[in-house]
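For reference, the structure discussed in these notes is given below.
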Amino acid sequence: MHEMMVAQNLLSAILEEAAKHNAKPEAAKISCGKLNAVNDETLCFAFEAIAKGTLCEGVKLEIEYKPIQGQCKNCNQQFAVELSCPRCPKCGSEDFQLQPDAPLMLEEIEFQTE
Amino acid sequence: MQKIDVGKKILSANEEYALRNNRFLAEHKILCLNMISSPGSGKTTILTRTISELKGKIKIGVIEGDIQTDIDTQRIKTTGAPAVQINTNGACHLSAAQVNSALGKLPIKKLDLIFIENVGNLVCPSAFELGENYKIVVLSVPEGDDKPAKYPAIFAKSKVLLINKIDLLKAPSPVDFDIERVKTDARKLNKGIEIFPVSAKTGSGFAEWCQWLAKSVKNLYS
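Protein chains in written order, with our numbering: chain A, 11 to 124; chain B, -3 to 218.
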């Protein structure tokens, strides 16, 4: 249940931006790598719970999962790794270097306008 | 409605601590391994045997992560190695900040190798960098041979896979466990992963594992 910790960090990041722009946030877009072990439903649930009574109450979260990237050791091709059958789409090699997973990012916030 | 691009890392606080830990360990030329597995896979038993086997050759310290109790720290201390306990009080993984404060409690100048035994959990700890050099995943025979396929993240990110409790594979084995399936599935996502089948109970496979440790300690900062 580390989504609660992620939700807390997310809440403070959004509140910080809200104070900067002096506006009420309505929605936020976040992104993360597929290996990040963040479940979208759990994160939304945790966020909803801790956002109650703050400026972020009711903020809708949208989560985009970034594919896992690999680099083929045979032909150097960068490609999105399919977990069920990982291989280079260009040369078919199964020898590749997994790239670091995309970090959890707060990408975008939508604010209410008067 | 007004849209604002933010582009800010959400777990940057953890990452900053992880970087700080990593620099600190490099300054002291210490190899640091973050050990991750399900509860009951035998992490602590692997550690006590590893420490005993490498006594006089490599100086090892341990950071123990558990939700409650210092049972594991007490077990490590019986080997004579220094150990520090972190209790997460419910949290499912160790954070880099917790490791940072634990590092301050170990006799750093006297160590070559630090094991961080993470909270028993095959999912969450894989997402939190602690400043380690490598992750080590432990899978024990009774857990089943389908775990690399079901929990790919930790097998994809680890440098080493220890398959523990292989003494249970001796015929007539009480468990159905296809060790080749584990190796194939783990290597599908992580071709370079080092795999050591071991039994922390009998000591089988420990020569190869300890040899890898000795080599890694020697090569890391040379």
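We put the CB at the ideal spot given by N, CA and C, even for glycine.
Here the structure is a predicted model, which means the values were calculated and not measured.
- Taking the Cβ atoms as the reference, Ile63 of chain B lies roughly 7 Å from Asn85 of chain B, within the contact range of under 8 Å.
- Apart from the 5 residues on each side of it in sequence, Asn17 of chain B sits with its Cβ closer than 7 Å to the Cβ of Ala92, Val95, Asn96, Leu99, Leu126 and Gly127 in its chain, given in chain order.
- Per DSSP, the beta-bridge partners of Pro35 of chain A are A:Phe121.
- The straight-line gap separating the alpha-carbon atoms of Ile78 of chain A and Gln70 of chain B is approximately 40 Å.
- Counting only runs of 4+ residues, the alpha helix (DSSP H) found wholly inside the region 91 to 157 of chain B occupies 92 to 99, 143 to 146 and 148 to 153, in chain order.
- Proximity of Asn186 of chain B to chain A, defined by a Cβ-Cβ separation below 9 Å, is satisfied.
- In the DSSP assignment, Asp181 of chain B falls within the unbroken alpha helix (DSSP H) covering Ile175 to Leu185.
- Within its own chain, the residues whose Cβ lies closer than 7 Å to the Cβ of Asp105 of chain A, once the five positions on either side in sequence are excluded, are Lys83 and Asn84, listed in chain order.
- By the Cβ criterion, the region 182 to 190 of chain B is in contact with the region 151 to 161 of chain B, since at least three pairs of Cβ atoms, one from each stretch, lie closer than 8 Å.
- Considering only beta carbons, the part of the region 151 to 176 of chain B lying closer than 8 Å to chain A consists of Ala152 and Lys153, in chain order.
- Against chain B, the CB of Val69 of chain A has no partner CB under 9 Å away; the residue lies outside that interface.
- Straight through space, the alpha carbons of Lys131 of chain B and Asn19 of chain A are spaced by roughly 25 Å.
- Glu11 of chain B has a beta carbon lying within less than 9 Å of a beta carbon in chain A.
- Contacts with chain A (Cβ-Cβ distance below 7 Å) from the region 105 to 120 of chain B involve Val119 and Cys120, listed in chain order.
- In this structure Asp174 of chain B is exposed. Its beta-carbon is surrounded by fewer than 16 other beta-carbon atoms within 10 angstroms.
- Lys39 of chain A sits away from Glu67 of chain A, with the two beta carbons spaced by 9 Å or more.
- Counting along the chain, the unbroken beta strand (DSSP E) around Glu60 of chain B starts and ends at Ile56 to Asp62.
- Here the region 23 to 41 of chain B lies against the region 101 to 113 of chain B, with 3 or more beta-carbon pairs under 8 Å apart.
- The alpha-carbon of Ile82 of chain B is positioned some 8 Å away from that of Leu90 of chain B.
- Val194 of chain B is outside the set of residues whose beta carbon lies under 9 Å from a beta carbon in chain A.
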